[in-house]
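Engineer: One structure follows; several queries about it will come next.
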């Protein structure tokens with residue numbers, strides 16, 4: 006019984022996490038809307054899975070660039086990683102934005118704890134300030150791999166050529182894939198918040214009960 010409930014809870018949680026993590030469409034910004042997949046498929050940008058990331062960081066000279074929003078980074082992060090968010094909280098006080106926030110909270114925010122976001126207009130300059138040498142190797146990561154895929158495209162267009170992409174994001178990582186994880190959550194759960202976080206705790210409890218039985 007517990008095993009069946011845990012399986013159902015896992016499926017629902019994965020669907021909700023994907024919805025909450027998918028970035029909103031860019032508005033008013035000349036960031037490219039396509040080409041990310043081609044960069045990866047062609048090998049121009051190297052896809053690195055979480056289980057292989059530690060070796061790439063340790064032996065190949067990659068530096069980890071975390072592009073998640075600040076609230077996800079604060080919950081769980083890899084020690085020594087660079088952080089420049091590709092999406093930031095939308096603080097626009099106009100009535101349209103306030104209406105979007107109200108709708109977002111009612112349909113997504115209450116369940117997932119996610120904030121209404123907008124593209125960080127200073128993303129590339131902020132990365133350039135942290136990493137002025139565009140020959141440096143950067144492994145770009147986010148929660149699910151979607152936001153980082155777009156960020157990789159922006160960085161490539163901005164002159165960075167030695168780029169890696171964390172395939173599947175931190176959500177696909179295991180407990181031992183990264184050393185020195187800091188924060189109050191596991192990396193794979195950092196995108197989860199709100200009511201769904203309580204749902205996650207129930208899922209973990211059911212797994213414990215299932216093991217004991």
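Residue numbers (the working numbering): 6 to 218. Note that CB positions come from ideal geometry on N, CA and C, so glycine has one too. The structure displayed is predicted, hence computed values, not measured ones.
1) Looking at the unbroken beta strand (DSSP E) that takes in residue 192, where does it start and where does it end?
2) Touch check for the segment 168-181 and the segment 48-61: three-plus C-beta pairs under 8 Å?
3) Where does the unbroken alpha helix (DSSP H) through residue 157 begin, and where does it stop?
4) Cα-Cα, which of 155, 154, 146, 135 is closest to residue 183?
5) Applying the 10 Å Cβ sphere with the 16-neighbour rule, what's the burial state of residue 49?
6) Determine the burial state of residue 77: buried for a count of at least 16 other Cβ atoms within 10 Å of its Cβ, exposed for fewer.
7) Within this structure, are the beta carbons of residue 132 and residue 93 separated by less than 8 Å?
8) With DSSP as the reference, label residue 187 as helix, strand or coil.
9) Among 154, 139, 69, 176, whose alpha-carbon lies nearest the alpha-carbon of residue 165?
10) Put residue 142 into one of helix, strand or coil per three-state DSSP.
11) For residue 130, count neighbouring Cβ atoms within 10 angstroms of its own Cβ and tell me buried if that reaches 16, exposed if not.
12) At which residues does the alpha helix (DSSP H) containing residue 132 begin and terminate?
13) What is the DSSP secondary structure of residue 73, reduced to helix, strand or coil?
14) Could you pull the start and end residues of the alpha helix (DSSP H) that residue 1 belongs to?
15) Would DSSP call residue 91 helix, strand or coil?
16) Measuring straight from C-alpha to C-alpha, what distance separates residue 66 and residue 42?
17) Let's test the definition: count the other Cβ atoms within 10 Å of the Cβ of residue 180 and tell me whether it reaches 16, buried, or not, exposed.
18) Residue 62: which of 84, 151, 150 sits nearest, CA to CA?
19) Along the alpha helix (DSSP H) that carries residue 46, what are the first and last residues, could you check?
20) When you compare each of 186, 128, 191 to residue 153 by their alpha carbons, which one comes out closest?
Structural biologist: Reading off the structure:
1) Translated into the one-based positions of the chain shown, residue 192 becomes position 187. Taken as a continuous stretch (DSSP letters only), residue 192 belongs to no beta strand (DSSP E), as it is neither H nor E.
2) yes
3) On the chain shown, residue 157 is found 152 positions in, with the first residue counted as 1. It spans 151-162 - the alpha helix (DSSP H) in which residue 157 sits, taken as one unbroken run.
4) For the purposes of this step, residue 183 is identified with residue 178 of the chain shown, where counting begins at 1. Nearest C-alpha to residue 183: 146.
5) Looking up residue 49 in the chain shown gives position 44. Classification of residue 49: exposed, given that the 10 Å Cβ count is below 16.
6) The residue given as residue 77 occupies position 72 in the chain shown. So residue 77 counts as buried.
7) One-based indexing of the chain shown puts residue 132 at position 127. One-based indexing of the chain shown puts residue 93 at position 88. Going by C-beta atoms, residue 132 is not nearer than 8 Å to residue 93.
8) Sequence index remark: in the chain shown, residue 187 carries index 182 (1-based). Reduced to three states, the DSSP call for residue 187 is strand.
9) Position 160 of the chain shown, counting from 1, holds the residue named residue 165. The candidate whose alpha carbon is nearest that of residue 165 is 139.
10) Along the chain shown, read from residue 1 onward, the residue named residue 142 stands at position 137. In this structure, residue 142 counts as strand in the three-state DSSP scheme.
11) Counted from its first residue, the chain shown places residue 130 at position 125. Under this definition residue 130 is an exposed residue.
12) For this step, residue 132 is matched to residue 127 along the chain shown. Taken as a continuous stretch (DSSP letters only), the alpha helix (DSSP H) holding residue 132 covers 128-135.
13) Counting from one through the chain shown, the residue named residue 73 turns up at place 68. The answer is coil: DSSP assigns residue 73 none of H, G, I, E or B.
14) Because the chain in this structure spans residues 6 to 218, residue 1 falls outside the shown range and cannot be described.
15) Within the chain shown, numbered from 1, the residue matching residue 91 stands at position 86. Note: residue 91 maps to coil in three-state DSSP.
16) Residue numbering aside, residue 66 sits at position 61 when the chain shown is read from its first letter. Residue numbering aside, residue 42 sits at position 37 when the chain shown is read from its first letter. Approximately 24 Å between the Cα atoms of the pair.
17) Numbered from 1 along the chain shown, position 175 holds the residue referred to as residue 180. Residue 180 is exposed by the Cβ-count criterion.
18) Indexing the chain shown from 1 puts residue 62 at position 57. Of the listed residues, the one whose Cα sits closest to residue 62 is 84.
19) Start at 1 with the first residue of the chain shown, and residue 46 comes out as number 41. Unbroken alpha helix (DSSP H) run through residue 46: 41-46.
20) Translated into positions along the chain shown, residue 153 becomes position 148. Ranking 186, 128, 191 by Cα distance to residue 153 puts 128 first.
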